[in-house]
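Asks: Oh and the sequence shown: position 174 is 174 in full-length UniProt numbering, straight run, nothing missing. Even glycine gets a Cβ: it sits at the ideal position worked out from N, Cα and C. Note that the structure is predicted; figures quoted are calculated from it, not measured. Pasting in a structure now, in structure tokens, and then I'll have a few things to ask.
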Amino acid sequence: MSAELTLALTKGRILKETLPLLAAAGIAPLEDIASSRKLVFDTTMPGVRLMIIRGTDVPTYVRHGAADIGVVGKDILLENGAEGLYEPLDLGIACCQMMTAGPAGWSPGSSRVRVATKFTRIAQQYFAEQGIHADVIKLYGAMELAPMMNLADIIVDIVDTGNTLRANGLQPLQKIADISSRLVVNKAAMRSKHEAIQAIVDAVGLAVEGQSV
Ligand code: PRP
């Protein structure tokens with residue numbers, strides 16, 4: 001008998017890197033996700049289905065038990081909190097860094113620093129730890145514009161290649177955290193469906209190890 005399990009996956013780039021790991025663990029969608037408008041997919045593993053949603057919604061579904069397992073970026077876990085979740089695996093995919101960035105040559109003055117970001121909790125915590133007075137301004141995208149338009153002095157954002165920063169006259173300053181995608185598990189489900197979930201955690205863990213050799 002196999003338990004019914006739902007995996008909530010983050011759509012977009014993370015999904016592209018997640019699917020090969022799941023396939024190596026024996027979980028493949030029964031139809032092509034990329035060419036479908038559906039949001040839920042049965043898989044080659046009986047009783048296991050995939051949900052494809054926004055990363056910010058993954059912890060919510062898993063925390064409430066509407067999904068048993070999730071794949072989500074560490075940035076979202078840091079920003080939104082990880083209460084009610086176990087985080088048993090670093091998948092080693094979608095790796096990037098959470099950084100401060102500012103105009104070339106920018107250095108902090110004596111006054112408060114204005115910081116634009118969509119990661120307000122991460123930014124507030126980081127600057128508090130540094131003993132820096134920061135006015136954190138919430139944006140929902142295109143943070144790189146904020147210094148250029150004098151909305152903020154610097155930004156806090158995800159940096160991968162650095163191309164987006166460079167294209168907008170900014171440079172990386174300080175690293176706040178290494179970011180990658182994580183497997184998260186609902187704590188209650190980990191107890192009630194332990195055998196089935198642990199088997200998937202172990203299989204995906206082996207796939208991650210196989211990918212890194
Ligand atoms: C992230 C981030 C930067 C970009 C950095 O955006 O906000 O804009 O990637 O990547 P780079 O260093 O390789 O240029 P993403 O594409 O994830 O979309 P988002 O703006 O919706 O977060």
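Do you know how far the Cα of Gln-124 is from the Cα of Ala-177?
Replies: The straight-line gap from Cα to Cα measures roughly 14 angstroms.
Asks: Following the continuous beta strand (DSSP E) through Thr-100, name the residue where it begins and the one where it ends.
Replies: Segment 96-103, the beta strand (DSSP E) holding Thr-100.
Asks: Within the present structure, is the beta-carbon of Val-58 separated from the nearest heavy atom of the ligand PRP by less than 7 angstroms?
Replies: Not so, every heavy atom of the ligand PRP lies at least 7 angstroms from the Cβ.
Asks: Rounded to whole angstroms, what's the CA-CA distance from Asp-202 to Pro-103? Just pull it up for me.
Replies: Each residue's alpha carbon lies about 45 angstroms from the other.
Asks: Whose C-alpha, out of Gly-81, Pro-46 and Val-48, is nearest the C-alpha of Thr-60?
Replies: Nearest of Gly-81, Pro-46 and Val-48 to Thr-60, Cα basis: Gly-81.
Asks: Any heavy atom of the ligand PRP closer than 7 angstroms to the beta-carbon of Asn-168?
Replies: Flag unset: Cβ of Asn-168 not near the ligand PRP.
Asks: Using a threshold of 8 angstroms, state whether the C-beta atoms of Ala-167 and Ile-155 are closer than that.
Replies: No. Outside cutoff.
Asks: Got a sec? Which residues, its chain only, sit under 7 angstroms from Gly-73 by beta carbon, not counting five neighbours each side?
Replies: Same-chain partners within the cutoff: Thr-10, Ile-14, Gly-55, Ala-94, Ile-179 and Ser-181.
Asks: Which one of Ile-158, Ala-25 and Gly-12 has the shortest CA to CA distance from Glu-209?
Replies: Closest by alpha carbon: Ala-25.
Asks: Quick test of the definition: if touching needs 3 or more C-beta pairs under 8 angstroms, does the segment 182-196 touch the segment 155-164?
Replies: Short answer: they don't touch.
Asks: Return no unless some Cβ of chain D is closer than 8 angstroms to the Cβ of Glu-195.
Replies: Among the chains in the structure shown there is no chain D, since it carries only a single protein chain.
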